[in-house]
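The numbers in our numbering rise by one with no breaks, and the one at position 328 of the sequence shown is 603.
Quick reminder that beta carbons are idealized off the backbone N, C-alpha and C, glycines included.
Every value quoted in this text rests on a predicted model; they were computed, and no experiment measured them.
Notes follow once the structure below has been shown.
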Amino acid sequence: MIIVDTALKRRLEDNDPLRVGLVGAGFMGRGVALQIEQFVPAMKVVALANRDAGRGLDAYRLAGVEDAEVVDTVDAVNEMIDAGRRPVVTDPALMASAMGVDVILDATSDVEWSAYVTMAAIDFQKHIVTMNSDMDATVGPILKVKADKAGIVYTNTDGDQPGSIMNLYRFVDSVGYNPVMAGNIKGFQNEYRTPDTQKEFAAKFGLSPRMATTFADGTKMSMENAVVANATGFKVGKRGMYGPTCDHVDEAIDLFPMDQLLEHGLVDYLLGAKPGPGVFVLGYSEHPVRQTYMRYFKLGEGPLYCFYTPYHLAHLEAPLTAARAALLGDTAVVPLGAPVCEVVTIAKKDMEAGEVLDGVGGYTAYGQIENAETAVAEDALLMGLCDGCRLVNAVAKDQLIRKADVEPPEGRLAHRLRTEQDAHFGAT
276 MIIVDTALKR RLEDNDPLRV GLVGAGFMGR GVALQIEQFV PAMKVVALAN RDAGRGLDAY
336 RLAGVEDAEV VDTVDAVNEM IDAGRRPVVT DPALMASAMG VDVILDATSD VEWSAYVTMA
396 AIDFQKHIVT MNSDMDATVG PILKVKADKA GIVYTNTDGD QPGSIMNLYR FVDSVGYNPV
456 MAGNIKGFQN EYRTPDTQKE FAAKFGLSPR MATTFADGTK MSMENAVVAN ATGFKVGKRG
516 MYGPTCDHVD EAIDLFPMDQ LLEHGLVDYL LGAKPGPGVF VLGYSEHPVR QTYMRYFKLG
576 EGPLYCFYTP YHLAHLEAPL TAARAALLGD TAVVPLGAPV CEVVTIAKKD MEAGEVLDGV
636 GGYTAYGQIE NAETAVAEDA LLMGLCDGCR LVNAVAKDQL IRKADVEPPE GRLAHRLRTE
696 QDAHFGAT
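Structure, rendered in structure tokens:
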């Protein structure tokens, strides 16, 4: 953070603000635009892409920008940026190809659309910061490979749980405590929630009902923890994680199997713990002198110690990830290589052959994190790829849906990327 704010101050002093191309004008996209335009003077949202151009204009107005205009050519985007005005486009590729954009920040939530945004950024060699953990958990490893070849940064973001966890993970590791667990703190979970049950909550905060559903049914947390697993090498102790209930995050040191923590590390979560909705990392050290110091610091007897952050501030911190990527070449969260964990598809209800799955945050399925080798062995359909799949077999409520149980839709970019990813890493 100190390095990032120093780098941004230099850009402000040089009157050379970092030029961000923002994709998405939903709940998070509007927040990011407001944050950058009003509170980060060394950055500018120089262009905005959204499938509904009118919502893009609204996002700019909410951020205090009145000179935005909808355009549909690269030349027009470049001309407006050069003139200090703000173009809005419906195709993110127009923005990615523009000369006046330094970094793309993807604040969308749809896996297919986000994959298109990311590929456009890679094709035009623009650093890409994604807030879409569903996409990252599904095809992030192959996108990282492609970004490396293009010489750009691909990263998930600070502020959402993966970035907040990884910042804490890096701190714990840097002070010499071996990280053995990374986790979320969650207040509520019910796998059978739907857009109907979450409609009132969504309206209260300006979310889409589907987004509110993926928070409530546990899919989003599984996606986020899969991103962390792929960035750390940690696994899950069982499908869906343990998720014990407790009063305070400090209790985590006694709630997970020590053999699994020490063998391969775990990603998991606590339910109902304070302070929520934060994140935590368990660090391990048997050094006797260090244990004396940790008792002095009121962190317990050891050898496990709980480090936590009591909040995550998605739209406030995402711009800092863009600065890390573009100014310092640093990443918040990236896959190490092949997937370590996947998010598999579980039926929310009994369904007959012929029914169509409606994806993340819908009525038909929820996602649960699983170790990658188990997901492959069980032929699991990935939650990030289930949208639009037609069942060819009946499935029961809470049953794992296999790839053999569905007929996938044709022509999907995310499916092609996943096929390429499996071939690249030798998955079967």
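- Your pair Asp435 and Ser408 checks out as a contact, with CB atoms roughly 7 Å apart and the cut at 8 Å.
- Relative to the Cα of Val511, the nearest Cα in the group Leu536, His523, Ala527 and Leu530 belongs to Leu536.
- The C-alpha of Thr472 is placed about 23 Å away from the C-alpha of Asn459.
- Across the structure, Ile427 and Asp381 are spaced so that their CA atoms are roughly 15 Å apart.
- Contact between the stretch 294 to 312 and the stretch 592 to 601 is present: 3 or more CB-CB pairs across the two stretches fall below 8 Å.
- Per the DSSP secondary-structure output, Asn453 pairs in a beta bridge with Tyr559.
- Beta-carbon to beta-carbon, Ala334 and Arg361 are separated by about 10 Å, too far to satisfy the 8 Å threshold.
- Counting the other CB atoms within 10 Å of its CB gives Arg468 a total of 16 or more, which places it among the buried residues.
- Counted as a single uninterrupted DSSP element, the stretch harbouring Ala373 is not any alpha helix (DSSP H), since DSSP gives it neither H nor E.
- In this structure, DSSP gives Leu482 a state outside helix and strand, which the three-state scheme calls coil.
- When the five nearest sequence neighbours on each side are left out, the beta carbons in the same chain lying within less than 8 Å of the beta carbon of Val554 are those of Gln436, Ser439, Ile440, Leu443, Ala457, Gly458, Asn459, Ile460, Tyr583, Thr584 and His587, in order along the chain.
- Annotated three-state conformation of His402 is strand, per DSSP.
- Within the stretch 484 to 567, the runs of beta strand (DSSP E) that reach at least 3 residues and sit entirely inside it are, in chain order, 541 to 546 and 554 to 559.
- DSSP places Pro578 in no alpha helix (DSSP H); its state is neither H nor E.
- Distance from the CA atom of Ala368 to the CA atom of Asp342, rounded to whole angstroms, is 22 Å.
- Exclusion of the five residues before and after Leu283 leaves Ala317 and Ala598 as the residues of its chain whose Cβ lies within less than 6 Å of its Cβ.
- The shortest CA-to-CA distance from Asp350 to any of Ser372, Thr365 and Thr405 is the one to Ser372.
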